[in-house]
Every structure is written in structure tokens, then in C-alpha cells.
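Written as C-alpha cells, this is what we have:
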């Protein structure tokens, strides 16, 4: 499929696209939760209220942040893949237009 201003816009199966959107939303929420955990660990270490040693705070914060970034990247790639999978074929487009 070509890209650019003259390229036809993809048409998606409505129910499958909605499912891909819901799945992406849940994945984004998981990603945000990992970022929240990283923030909580970092803020606890910065305020001095954490029982974890400073090197542990840095390591855990970096680990949770890396997991969040990695999972965010996975979620974006999977969403694009899911959208590609729910694009209607030319035959399905013609059937949809005939029903309208």
C-alpha cells in the first residue's frame, strides 16, 4: 500500500478496530502503572523515607522505567499490527459499499 496524500485511506472492520483500541487502552494503562511505580520508588528514595538503599532505589527506578518504555514500544507496535490485521480487503469494501 502506498502512502502519501493521494493514497486511499484504510477502511477498518468497526468491531475489530474497537477491540484493538480497547486492547491498546489497557496496555497504555499498564505502561502508565509501571511509570507510576517508578515514580513512587524514586520519590520515596529522594525523600529519605524508603527502606531501600540509594543504589537499590536507582536500580529499581531504572528497571521500572525501562519496563514501561519497553512495554509502551511493544503496545504501539502491536496496535499498529492489530490495525493492519483489521483493514478491510477490496472485496470486503465492495460488499460494505453494496450494503450501504
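Residue numbers (our numbering): 7 to 106.
From the three backbone atoms N, C-alpha and C, an ideal C-beta is built for every residue, glycine too.
- Straight-line spacing of the CA atoms in residue 59 and residue 30 works out to 36 Å.
- The segment 91-106 and the segment 54-68 do not touch, with fewer than 3 CB-CB distances between them shorter than 8 Å.
- Take the alpha-carbon of residue 51 and the one of residue 68: they are about 13 Å apart.
- If you draw a straight line from the Cα of residue 70 to the Cα of residue 34, it comes to about 15 Å.
- Shortest Cα-Cα distance from residue 72 to any of 12, 28, 45 involves 45.
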